[in-house]
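Numbering (the numbering used here), first residue to last: 44 to 323.
This report refers to the structure that appears directly beneath it.
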């Protein structure tokens with residue numbers, strides 16, 4: 044009897060403990076998937092008249108440092124058939140000359156501040172977005188202003204000098220080559236199966252060696268002009284700075300980028316469902 048009472052008591056405790064969790068699961072199950080995630084009230088956000096969005100978070104940790112991001116809402120998925128690999132190539136060219144920073148002046152300026160490629164300066168291209176990243180000191184106002192000028196140039200001031208393009212072809216092809224390890228080769232087989240029937244299967248961000256060797260200057264610039272525009276961009280800033288001043292800098296630098304009169308529609312793509320299990 045004592046054993047049965049102890050067992051019943053344990054079962055009752057388990058059931059009572061599970062009730063809140065079950066109720067929470069039920070509440071989560073009924074929450075519409077379209078409900079927006081609430082924004083942290085400490086984040087200052089807005090949209091400029093040209094459509095560019097921004098999010099600013101002031102924080103004292105770490106001190107005298109700021110993280111800046113330029114997020115472009117396009118990646119390899121929007122490439123035309125003659126542009127395979129060019130979303131990623133544009134990202135590379137952003138460091139090889141802009142309107143205010145000719146040739147390699149961006150790396151030179153950032154390195155003069157003690158910043159290094161990788162930890163402090165980086166960029167990445169995926170199927171659906173391209174992100175430029177800077178970590179900068181914030182104790183000198185002129186440095187922060189200069190950093191936003193770099194982001195502005197990346198947004199609409201990359202120069203695409205033909206000689207720099209030809210030099211960068213070899214760099215990107217070498218990047219493709221050094222990643223040809225076992226993992227990459229397996230991914231080459233897996234992704235077309237996993238993404239079967241979708242545009243994603245045909246638009247891996249690295250592109251093809253054939254296209255990287257032969258694309259024209261105009262083809263590269265066409266991608267940039269079509270997709271690097273304020274309505275497809277977001278600026279994110281977090282760090283030890285005055286949020287109101289950063290908001291002013293964003294408006295000053297990015298508010299002067301013109302919105303296109305006839306923007307190309309930004310398509311969205313999905314992966315179709317499939318019956319059964321696919322094998323690679």
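Backbone N, C-alpha and C fix where the C-beta goes; we use that ideal spot for every residue, glycine too.
Relative to the C-alpha of residue i, which candidate in the options has its C-alpha closest?
{"i": "residue 174", "options": "227, 213 and 280", "result": "280"}
{"i": "residue 277", "options": "208, 198, 211 and 244", "result": "198"}
{"i": "residue 109", "options": "282, 145 and 93", "result": "282"}
{"i": "residue 96", "options": "286, 293 and 309", "result": "293"}
{"i": "residue 144", "options": "203, 127 and 260", "result": "203"}
{"i": "residue 86", "options": "92, 101 and 93", "result": "101"}
{"i": "residue 194", "options": "138, 287 and 79", "result": "138"}
{"i": "residue 123", "options": "243, 209 and 227", "result": "243"}
{"i": "residue 223", "options": "251, 184 and 187", "result": "251"}
{"i": "residue 257", "options": "286, 216 and 284", "result": "216"}
{"i": "residue 156", "options": "290, 146, 305 and 186", "result": "186"}
{"i": "residue 182", "options": "315, 210 and 284", "result": "284"}
{"i": "residue 88", "options": "148, 77 and 291", "result": "291"}
{"i": "residue 312", "options": "229, 170 and 82", "result": "170"}
{"i": "residue 269", "options": "133, 141 and 229", "result": "133"}
Sorted by chain position, which residues of the same chain lie with C-beta nearer than 8 Å to residue i's C-beta, five sequence neighbours on each side aside?
{"i": "residue 236", "result": "321, 322 and 323"}
{"i": "residue 164", "result": "150, 153, 158, 176, 177 and 178"}
{"i": "residue 300", "result": "93, 95, 195, 198, 199, 272 and 273"}
{"i": "residue 91", "result": "97, 273, 293, 294, 297 and 298"}
Assign residue i to one of two classes, buried (16 or more other C-beta atoms within 10 Å of its C-beta) or exposed (fewer than that).
{"i": "residue 297", "result": "buried"}
{"i": "residue 127", "result": "buried"}
{"i": "residue 287", "result": "exposed"}
{"i": "residue 192", "result": "buried"}
{"i": "residue 147", "result": "exposed"}
{"i": "residue 76", "result": "exposed"}
So residue i packs on residue j, CB below 8 Å; how close in whole Å?
{"i": "residue 246", "j": "residue 120", "result": "5 Å"}
{"i": "residue 272", "j": "residue 318", "result": "Contact flag wrong, Cβ pair sits at about 40 Å."}
{"i": "residue 103", "j": "residue 180", "result": "With a Cβ gap of about 14 Å, residue 103 and residue 180 do not count as contacting."}
{"i": "residue 212", "j": "residue 263", "result": "Not a contact, Cβ separation roughly 10 Å."}
{"i": "residue 172", "j": "residue 115", "result": "7 Å"}
{"i": "residue 131", "j": "residue 249", "result": "6 Å"}
{"i": "residue 205", "j": "residue 260", "result": "5 Å"}
{"i": "residue 118", "j": "residue 168", "result": "5 Å"}
{"i": "residue 314", "j": "residue 99", "result": "Not quite, the Cβ-Cβ distance comes to about 34 Å (not below 8 Å), so this is no contact."}
{"i": "residue 267", "j": "residue 214", "result": "Going by Cβ atoms, the distance from residue 267 to residue 214 rounds to 18 Å, so no, they are not a contact pair."}
So, at 7 Å on beta carbons, what are the nonlocal neighbours of residue i in its own chain, with the 5 sequence-adjacent residues on each side left out?
{"i": "residue 50", "result": "Interpretation of residue 50 is limited by its pLDDT of 43, a score under 50 that renders its predicted location unreliable; the figure taken from the coordinates is listed afterwards. Answer for residue 50: no residue qualifies."}
{"i": "residue 233", "result": "323"}
| What residue ranges within the region 210–276 form continuous alpha helix (DSSP H) runs of no fewer than 4 residues, ordered along the chain? | 225–237, 252–257 and 260–270
| What runs of the alpha helix (DSSP H), each 4 residues or longer, lie entirely inside the region 277–307? | 286–297
| Sequence ranges, alpha helix (DSSP H) only - wholly within the region 164–200, length at least 4 | 184–199
| Where in the region 74–143 do unbroken runs of the beta strand (DSSP E), each at least 3 residues long, occur, reported from the N-terminal end onward? | 86–90, 96–101 and 108–115
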